[in-house]
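Each residue of the sequence shown is one higher than the last, beginning at 67 in the numbering used here. Worksheet: one structure, shown below.
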Amino acid sequence: MNAFQRNESKETLFACVSAGDDSPRGDFPVQKKSPKLCGSNYPLSIAFIVVNEFCERFSYYGMRAVLTLYFLSFFHWDENLSTAVYHAFSALCYFTPVIGAIMADSWLGKYKTIIYLSIVYVLGHLIKSVGAIPSLGNQMVHVILSMVGLFLIALGTGGIKPCVSAFGGDQFEEEHTSERSKFFSIFYLSINAGSLISTFVTPVLRGDVKCFGEDCYALAFGVPAALMVLALGE
Numbered sequence: 067m068n069a070f071q072r073n074e075s076k077e078t079l080f081a082c083v084s085a086g087d088d089s090p091r092g093d094f095p096v097q098k099k100s101p102k103l104c105g106s107n108y109p110l111s112i113a114f115i116v117v118n119e120f121c122e123r124f125s126y127y128g129m130r131a132v133l134t135l136y137f138l139s140f141f142h143w144d145e146n147l148s149t150a151v152y153h154a155f156s157a158l159c160y161f162t163p164v165i166g167a168i169m170a171d172s173w174l175g176k177y178k179t180i181i182y183l184s185i186v187y188v189l190g191h192l193i194k195s196v197g198a199i200p201s202l203g204n205q206m207v208h209v210i211l212s213m214v215g216l217f218l219i220a221l222g223t224g225g226i227k228p229c230v231s232a233f234g235g236d237q238f239e240e241e242h243t244s245e246r247s248k249f250f251s252i253f254y255l256s257i258n259a260g261s262l263i264s265t266f267v268t269p270v271l272r273g274d275v276k277c278f279g280e281d282c283y284a285l286a287f288g289v290p291a292a293l294m295v296l297a298l299g300e
């Protein structure tokens, strides 16, 4: 065998070894798959995302269900002012998703945006609940605390809105398209369930439970605040 044949044999051998060697290199570690839910193809994190969304929607719609009554009976505002502030708050909630989307895409990413703005969300609920305690200061104090709380709630609920569903979809592997599609159905079911239940429960807490000698708005706002704390803990 001459030198040319020996070199050709070595090149063929190296080519065969390289083609059959599929073991991962040290520079490219194998990515660990996320834990699955009950042996299915659903990531475990999906359960927390669905529960989080249920609690968040309960907190938002539960607070909003008694907001106009709160303005009328607690602040003694007229109907025009109460309606104007209510709709201004609702409009702000649908404007702040633009801020959340910019933060997630250009700065923090979806996960950190959800965490940070959820903290803002919780602070807003807590401030709103404290502002509904009758013995705390005069009406000006109540109005200031309520408006600050509503602004933080609007920033929180709108800011996380464009991130949560997309973050949930990101948890699935590419081949699990069917499971991803079913997740979005369950996700939106949790949104509607939280909204519906809170619309019935929160007015009951306001009217049937008395505190400080009158309708308990502090409790009506406090329960949604507790649900939002639970959502953040998830």
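We put the CB at the ideal spot given by N, CA and C, even for glycine. Bear in mind the structure is a predicted one, so any value in this text is a computation, not a measurement.
- According to DSSP, K276 shares a beta bridge with D281.
- T268 is a Cβ neighbour of V289, given a cutoff of 9 Å.
- A distance of 9 Å or more separates the beta carbons of F155 and A297.
- Note that the C-beta distance between P163 and G260 is not below 9 Å.
- Within the model, the alpha-carbon separation for V230 versus C159 is close to 15 Å.
- Per the coordinates, the alpha-carbon of I257 lies some 34 Å from the alpha-carbon of L202.
- Excluding sequence positions up to five before and after S148, its CB lies within less than 6 Å of the CB of T134, F137, L138, all in the same chain and listed in chain order.
- By alpha-carbon distance to L285, the top candidate from A232, E145, V196 is V196.
- Of the candidates I112, I199, N204, I199 places its Cα closest to the Cα of F287.
- According to the DSSP assignment, N204 belongs to no alpha helix (DSSP H), since it is labelled neither H nor E.
- If you ignore the 5 residues before and after I263, its C-beta comes within less than 7 Å of the C-beta of F124, all in its own chain and listed in chain order.
- Apart from sequence neighbours up to five positions away, the residues of its chain that approach G128 with a beta-carbon distance below 7 Å are S264, V267, T268, V289, P290, ordered along the chain.
- Between the segment 231 to 250 and the segment 106 to 116, the count of C-beta pairs closer than 8 Å reaches three or more; the two stretches touch.
- With 16 or more other Cβ atoms inside 10 Å of its own Cβ, D281 counts as buried.
- DSSP places Y177 in the uninterrupted alpha helix (DSSP H) bounded by 176 to 197.
- Where V132 is concerned, there is no enclosing alpha helix (DSSP H), because DSSP gives it neither an H nor an E.
- The DSSP assignment places no complete beta strand (DSSP E) segment of no fewer than 3 residues inside the segment 230 to 260.
- Judged by DSSP secondary structure, F155 falls within the alpha helix (DSSP H) whose first and last residues are 145 to 169.
- A straight-line Cα-Cα distance of about 46 Å links F141 and S247.
- When the Cα atoms are used, I180 and I226 turn out to be separated by approximately 5 Å.
- Distances from the alpha-carbon of V214 to those of Y152, N204, H191 put H191 closest.
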